[in-house]
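Here is the structure we will look at, set down as structure tokens.
Here is the structure:
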């Protein structure tokens with residue numbers, strides 16, 4: 001009996017109605033609307049308990065309608081146990097990297113959320129798929145396009161979903177920016193400006209180790225600018241220029257990762273994008289210049305307090321939308337895709353496209369030549 | 001007796017004091033400060049009565065302390081006569097392009113302000129120098145670096161001043177931006193973003209004729225972004241990338257001038273700039289990202305209503321300065337340099353530097369390669 005019920009619930013959820021709400025609306029319209037019964041939540045295993053998991057992802061489950069934390073994977077058992085207590089994860093859901101493959105036997109885990117250093121994404125994604133799990137993997141998907149392709153193949157072989165954690169694609173202001181651009185509310189977009197950066201701290205962190213991070217600011221923060229230029233244009237770049245600078249002697253970049261890399265993109269329709277990626281200074285803005293107005297988000301990629309503005313004819317109109325927890329939206333989307341057997345908005349193929357473009361950006365900077373790509 | 005008096009007055013002006021103010025301050029300190037006597041104004045011949053001269057330059061003389069319009073040069077005698085009446089230019093100061101060289105005999109003209117289409121700047125500058133006049137020439141200085149060099153040589157041969165009309169270099173907000181960047185009020189600048197553009201109208205105007213304009217948006221409006229990147233960094237670019245797009249079939253660009261050209265600059269200190277130049281969309285911002293804060297002007301290059309902001313840690317501080325007439329400041333500077341025998345802040349050499357960089361920008365876009373320059 002469970003399956004038909006689940007299917008029906010999914011249908012109601014897909015139409016935006018819960019069973020209770022659908023009946024309540026018809027029968028007792030004059031009464032205050034009662035919340036529907038809790039949706040079935042899918043279980044997530046969070047793999048890698050660094051600052052992103054601790055400060056953002058684990059607290060976000062409280063805001064989820066469809067996702068709950070049911071397992072934690074960490075090399076630090078004490079840390080995992082402490083976080084499990086805080087977030088109500090059962091002790092049976094605690095894993096080390098050695099026992100990771102036993103997730104296969106944990107029916108409470110539907111989805112594995114890979115929050116490890118970049119270079120570990122492919123291995124832990126593929127192993128999760130082999131354990132029969134769906135995977136939500138943090139950005140960047142991997143350090144090379146080849147790894148991305150292997151991850152996509154593993155998901156396909158397992159018949160499981162693979163989604164990349166592009167949280168901004170689930171964030172209301174960024175979604176509104178996309179709508180304004182695509183529906184040409186202010187005419188045709190012509191120039192896109194995307195800047196993402198921060199002054200990176202601790203020189204010992206994995207983000208500054210080339211083997212783990214795959215590169216410097218571009219892999220970690222510049223990817224937001226690249227991804228935004230792609231989602232705001234709705235196109236894939238066909239020509240890329242890049243120019244890079246890293247402060248000599250700055251200990252943070254001693255392992256050969258780049259500090260700042262600025263890139264230019266040309267899209268097939270003729271939209272041009274100028275982008276900045278930096279570990280040296282704060283940058284946090286996406287802007288579209290269309291024929292009749294410009295519209296922007298600044299901050300554009302913070303976890304909160306995003307601000308959207310429309311600039312035209314000397315006036316500035318504030319359009320910010322009510323705040324939502326970005327990670328909760330992202331995890332709920334993944335859970336709903338699994339429940340409804342739908343393709344995630346940011347599947348593995350999306351991560352692969354960014355990796356291909358990032359490799360081209362690095363190649364353009366290295367070769368001092370425009371790199372051309374097929375759209 | 002006129003010469004020593006003029007020299008003394010120049011000295012007082014150079015020290016920021018007029019004769020009356022210097023004495024008044026000592027003798028009657030308790031009384032309200034009276035304005036000093038009017039400064040001696042140098043006479044300007046305005047050459048080319050297009051919209052810039054009519055709407056901006058001629059009205060600006062009313063705000064000048066050291067400059068007055070004493071001659072007009074135009075191919076349209078009726079237009080010249082009408083404007084002469086409005087602005088108090090004597091009929092003896094009206095010239096056609098055929099009678100232009102007779103400026104030599106007009107002692108009321110000290111400085112010739114060349115406001116012609118770009119391709120005509122060299123000829124009319126050189127002829128003015130040969131007539132023994134100082135020259136203020138609109139930007140871009142010329143269509144080629146070779147022409148710029150010839151203009152500089154003509155000024156030198158005549159022993160006269162040559163200044164390029166970079167009005168923003170005399171505008172208080174832009175000056176304050178330079179000070180904030182150079183004095184590192186917010187730490188070392190790392191990334192500079194300069195965007196200048198507008199949607200160009202009448203397809204028949206000279207700005208859209210390649211032979212007259214020397215190019216498209218870059219020559220006319222993008223030059224502001226380039227010049228700002230140079231004056232905000234205080235350096236000359238050593239590496240340049242560029243990417244261009246012009247809407248096919250757009251009648252405005254039928255003569256082969258570019259619509260949008262985006263360029264990247266690397267400066268010797270490692271500062272990177274991303275710039276946009278467009279005839280397709282409105283763009284009007286200069287921003288510096290320094291280690292501790294960002295600061296910007298938007299609008300940055302309008303004739304009025306510039307807005308300066310400092311952005312740090314989620315706060316935005318408005319720092320706009322009282323408005324001044326930019327052309328009046330520019331013309332007064334030229335007059336003061338002539339009076340005090342000082343080098344203008346934006347001499348011919350400054351115009352030449354932009355032309356060399358613009359040629360490199362076009363070459364980078366054309367060749368799809370990074371163009372390197374000597375600092």
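Protein chains in written order, with UniProt numbering: chain A, 1 to 375; chain B, 1 to 375.
Glycine included, C-beta positions come from ideal geometry on N, C-alpha and C.
Residues near residue i by beta carbon distance below 6 Å, same chain, minus five either side
i             : result
residue 147/B : 122
residue 87/B  : 58, 69
residue 174/A : 168
residue 362/B : none
residue 234/A : 182
residue 193/B : 274, 287
DSSP state of residue i mapped onto helix, strand, coil
i             : result
residue 126/B : helix
residue 105/B : helix
residue 366/A : helix
residue 254/A : coil
residue 68/A  : strand
residue 376/A : With chain A covering only 1 through 375, there is no way to say anything about residue 376/A.
residue 131/B : coil
residue 345/B : coil
residue 165/B : strand
residue 89/B  : coil
residue 324/A : coil
residue 95/B  : strand
residue 335/B : helix
residue 113/A : strand
residue 351/B : helix
residue 356/B : helix
residue 45/B  : strand
residue 34/B  : coil
residue 373/A : coil
residue 149/A : helix
residue 58/B  : helix
residue 306/A : coil
Whether residue i touches residue j by CB criterion (8 Å)
i             : j             : result
residue 164/A : residue 197/A : no
residue 46/B  : residue 72/B  : yes
residue 109/B : residue 43/B  : yes
residue 126/B : residue 80/B  : no
residue 314/A : residue 202/B : no
residue 342/A : residue 67/A  : no
residue 281/B : residue 191/A : yes
residue 103/B : residue 95/B  : yes
residue 348/B : residue 219/B : no
residue 352/A : residue 145/A : yes
residue 291/B : residue 367/A : no
residue 211/B : residue 119/B : yes
residue 240/B : residue 370/B : yes
residue 311/B : residue 294/B : yes
residue 76/A  : residue 227/A : no
Proximal residues to residue i (C-beta, below 7 Å), its chain only, five neighbours per side dropped
i             : result
residue 316/A : 309
residue 237/A : 265, 266, 267, 357, 373
residue 303/B : 56, 326
residue 301/A : 168, 196, 224, 284
residue 101/A : 127, 131
residue 344/B : 161, 163, 333, 334, 337
Closer than 7 Å: residue i CB and nearest the ligand MN heavy atom
i             : result
residue 244/B : The ligand MN is not among the ligands present in this structure, which contains no ligands whatsoever.
Residue closest to residue i, alpha-carbon to alpha-carbon, out of the options
i             : options                    : result
residue 260/B : 256/A, 273/A, 209/A, 259/A : 273/A
residue 320/B : 106/B, 171/B, 191/B        : 171/B
residue 161/A : 176/A, 299/A, 137/A, 54/A  : 137/A
residue 279/A : 244/A, 297/A, 300/A        : 244/A
residue 129/A : 105/A, 143/A, 145/A        : 105/A
residue 107/A : 120/A, 97/A, 134/A, 85/A   : 134/A
residue 124/A : 166/A, 339/A, 74/A         : 74/A
residue 117/A : 37/A, 32/A, 215/A          : 215/A
residue 256/B : 230/B, 36/B, 312/B, 217/B  : 217/B
residue 263/A : 251/B, 250/B, 242/B        : 242/B
residue 204/A : 251/A, 231/A, 176/A        : 251/A
Same chain, Cβ closer than 8 Å to residue i, neighbours up to 5 away in sequence not counted
i             : result
residue 247/B : 253, 259, 280
residue 61/B  : 44, 67, 68, 69, 87, 328, 331
residue 289/A : 189, 190, 191, 192, 193
Problem set entry | Length at least 4, wholly inside the UniProt domain "GFO/IDH/MocA-like oxidoreductase" (177-296) of chain A: the alpha helix (DSSP H) runs in chain order | DSSP runs (the alpha helix (DSSP H)) wholly in the UniProt domain "GFO/IDH/MocA-like oxidoreductase" (177-296) of chain A: 210-213, 223-233.
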